[in-house]
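K.L.:
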Amino acid sequence: MYPGLQYSNKWLKQFDTNMPANLTPQYRKIEEEYRRATSIEEELQCLQHMLQEIPKHKGTDHLQAELKAKISKAKKELATEKSTGKKTRGLRIPRQGAGTAIILGGPNAGKSQLVARLTNATPEVAPYPFTTTMPAPAMMPWEDVTVQLIDTPPITADFMDPSLHGLIRPADLALLMVDLENDAGIEQCQDVFDRLSRTKTRLAARSYLDEQDVGLSYTRTFSVPNKIDAPAASRRLELFHELLPLDFTEFVISAEHGTGLEHLREAIYKAMDVVRVYSKLPSAKEPDRDRPFTLRRGSCLLELAGMVHKDFLEKLKFARVWGTAVHDGTQVKGDYVLHDKDVVELHM
Ligand SMILES: Nc1nc2c(ncn2[C@@H]2O[C@H](COP(=O)(O)OP(=O)(O)OP(=O)(O)O)[C@@H](O)[C@H]2O)c(=O)[nH]1
Ligand SMILES: [Mg+2]
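In my numbering, the protein residues as written are 867 to 1214.
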């Protein structure tokens, strides 16, 4: 073979992997479910679904091979779990509420103080580092719904709880806390960011999976400088912006004094990007206002039907909707896109 030809094949191969994959919106939706999966069963289902949906052409060859490899790995892990009865992955926390926000930061940044302020939980808050030793969930109320917050042990240049990868990846949001009380706070925050940037679970302004490597995930992040009440905190905040210019939305707070917390609470809920839907029985005058269903924005009636009861999913004929997008009592079909605060009466 001519050396030149070899060279050109190699060059073409490289070109192949850079070809646009032209992934469809449907594929993107399943990919997002895959990123948010919190169990191997869910992961496996999503991967199989992705392989079915992926457009089959040269530009996706690499991705198709990767999906197949991930499917066989997930099957093996599942078999090992079943035969040994032991989890092959680290700690997984099942989803609860409208969505999940994970709180990250260096030692003493105020992660547990924030959880104590926004929820009914009572995590230990103390002036020494490494007070929190295990990730722990707690529920944050917002209006008539709740969001799951996860308090975590600190991440430093030398230490990171290995189970954090599996908790950051599926989270809807990460809060990266910065300690403004002392000069080391900025460097400690940089250590958290750098440490994650060297792994496949990274922080970014929006959530997505890498186009060529579905193992590489980016989780949407807010930066949360804390302890703005402390002496010289404003000066340190300026320094933080200079030294670590992040493109994340920022919320400056004092977790101890309560400054900025209600604004942050609302932003966390909004970042879950869900709609609330109230179900109503045909015989009832009023819907059940106490427990709305929360669904990702853009979800349709059929998805709600599946959440209410599997019988509805199979036998749904129509629904009546009271809401902002339609006239009161309008009859709609399974593909109706739900709006926030819709009241829905399912019929089968
Ligand atoms: N001045 C001030 N102190 C705060 C604030 N928030 C937290 N602290 C103090 O900072 C210290 C650490 O708070 P924690 O909530 O335990 O910090 P953490 O990030 O959970 O720490 P680890 O669990 O060790 O990673 C405690 O002494 C808190 O009282 C704040 O807004 N202002
Ligand atoms: Mg803590």
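All C-beta atoms in this analysis are idealised placements derived from N, C-alpha and C, irrespective of residue type, glycine included.
Predicted model only: the values in this text are computed from it and were never measured.
#1: With 16 as the cutoff for other CB atoms within 10 Å, does valine 1203 come out buried or exposed?
#2: Taking only the alpha-carbon atoms, compute the straight-line gap between leucine 1130 and arginine 1086 and give it to the nearest angstrom.
#3: State the DSSP-derived secondary structure class of aspartate 1201, mapped to helix, strand or coil.
#4: Is any heavy atom of ligand 2 found at a distance shorter than 6 Å from the C-beta of threonine 998?
#5: Cβ of proline 1097 within 6 Å of any heavy atom in ligand 1?
#6: For glutamine 918, which option in Leu933, Gly925, Ser905 has the closest C-alpha, if you only look at C-alpha atoms?
#7: Do leucine 1069 and alanine 1040 have their CB atoms nearer than 7 Å?
#8: Please check the pair proline 1214 and lysine 1181, which I expect to be a contact at CB under 8 Å, by giving their CB distance rounded to whole angstroms.
#9: Using 8 Å for Cβ pairs, my map puts lysine 1219 next to valine 1080. What's the rounded Cβ distance?
#10: Give every residue of the same chain whose Cβ lies closer than 6 Å to the Cβ of valine 1210, excluding the five residues on either side of it in the sequence, and list them in chain order.
#11: Quick one: what does DSSP say glutamate 994 is sitting in, helix, strand or coil?
#12: Can you pull the DSSP bridge partners for phenylalanine 1040?
#13: Output the boundary residues of the beta strand (DSSP E) element that contains threonine 950.
#14: Pull up the CB-CB distance for isoleucine 969 and aspartate 1027, whole angstroms please, since I reckon it's below 8 Å.
#15: In whole angstroms, give me the CA-to-CA distance for alanine 982 and proline 1001.
#16: With burial defined as no fewer than 16 other Cβ atoms inside 10 Å of the residue's Cβ, what is the status of asparagine 1092: buried or exposed?
#17: In the DSSP assignment, what residue or residues form a beta bridge with glutamate 1116?
#18: Can you list, in chain order, the residues of its chain whose CB lies under 8 Å from that of glutamate 990, leaving out five sequence neighbours each side?
#19: Are there 16 or more other CB atoms within 10 angstroms of the CB of aspartate 1208, so buried, or fewer, so exposed?
#20: Can you give me the start and stop residues for the beta strand (DSSP E) that histidine 1213 sits inside?
#21: What separation, rounded to the nearest whole angstrom, lies between the Cα atoms of threonine 1190 and arginine 1163?
P.N.:
If we stick to the structure as given:
#1: Locating residue 1203 in the sequence shown gives position 337, counting from the first residue. Taking every protein chain shown into account, the CB of valine 1203 has fewer than 16 other CB atoms within 10 angstroms, so this residue is exposed.
#2: Residue 1130 sits at position 264 when you count from the first residue of the sequence shown. Residue 1086 sits at position 220 when you count from the first residue of the sequence shown. Cα-Cα distance, rounded: 15 Å.
#3: Here residue 1201 corresponds to residue number 335 of the sequence shown, with the count starting at 1. Of the three classes helix, strand and coil, the one that applies to aspartate 1201 here is coil, per DSSP.
#4: Position 132 of the sequence shown, counting from 1, holds the residue named residue 998. Yes, since a heavy atom of ligand 2 falls inside the 6 Å radius drawn around the Cβ of threonine 998.
#5: What you label residue 1097 is simply residue 231 of the sequence shown in a count that begins at 1. Outside the cutoff, so no.
#6: Within the sequence shown, residue 918 is the residue found at index 52, counting from 1. Per the Cα distances, Leu933.
#7: Within the sequence shown, the letter at position 203 stands for residue 1069. Within the sequence shown, the letter at position 174 stands for residue 1040. Judged by their CB atoms, leucine 1069 and alanine 1040 are nearer to each other than the 7 Å cut-off.
#8: The residue labelled residue 1214 in the question sits at position 348 within the sequence shown. The residue labelled residue 1181 in the question sits at position 315 within the sequence shown. The sequence given here places methionine at residue 1214; proline does not occur at that position. Taking 8 Å as the upper bound for CB-CB distance, methionine 1214 and lysine 1181 are in contact here, some 4 Å apart.
#9: Absent from the model: residue 1219. The displayed extent of the chain is 867 to 1214, so no value can be given.
#10: Mapped onto the sequence shown, residue 1210 falls at position 344. Taken in chain order, the residues that qualify are Val1143, Ser1145, Ala1185, Val1187.
#11: Residue numbering aside, residue 994 sits at position 128 when the sequence shown is read from its first letter. The residue asked about is misnamed: residue 994 is tyrosine in this sequence, not glutamate. Correct three-state label for tyrosine 994: coil.
#12: Counting from 1 along the sequence shown, the entry for residue 1040 is found at position 174. One point to set straight first is that residue 1040 is alanine, not phenylalanine, in the sequence displayed. For alanine 1040, DSSP records a beta bridge to Ile968, Thr1087.
#13: As a position in the sequence shown, residue 950 is number 84, starting the count at 1. No beta strand (DSSP E) holds threonine 950; the alpha helix (DSSP H) holding it covers 927-950.
#14: Numbered from its first residue, the sequence shown carries residue 969 at position 103. Numbered from its first residue, the sequence shown carries residue 1027 at position 161. With 8 Å as the limit, isoleucine 969 and aspartate 1027 do not qualify as a contact, their Cβ atoms being about 13 Å apart.
#15: By 1-based counting over the sequence shown, the position of residue 982 is 116. By 1-based counting over the sequence shown, the position of residue 1001 is 135. Between alanine 982 and proline 1001, the C-alpha separation is close to 14 Å.
#16: Walking along the sequence shown from the start, residue 1092 turns up at place 226. If you draw a 10 Å sphere on the C-beta of asparagine 1092, you find 16 or more other C-beta atoms in it, and that means buried.
#17: Walking along the sequence shown from the start, residue 1116 turns up at place 250. In DSSP, glutamate 1116 forms a bridge with Ser1089.
#18: Here residue 990 corresponds to residue number 124 of the sequence shown, with the count starting at 1. A distance below 8 Å between beta-carbons, with the five flanking residues on each side excluded, links glutamate 990 to the following residues of its chain, in chain order: Ser978, Thr997, Thr998.
#19: The sequence position of residue 1208 within the sequence shown is 342, counting from 1. Label assigned to aspartate 1208: buried.
#20: Stepping through the sequence shown from its first residue, residue 1213 is reached at position 347. Histidine 1213 -> beta strand (DSSP E) spans 1208-1213.
#21: Walking along the sequence shown from the start, residue 1190 turns up at place 324. Walking along the sequence shown from the start, residue 1163 turns up at place 297. The alpha-carbon atoms of threonine 1190 and arginine 1163 are separated by roughly 15 Å.
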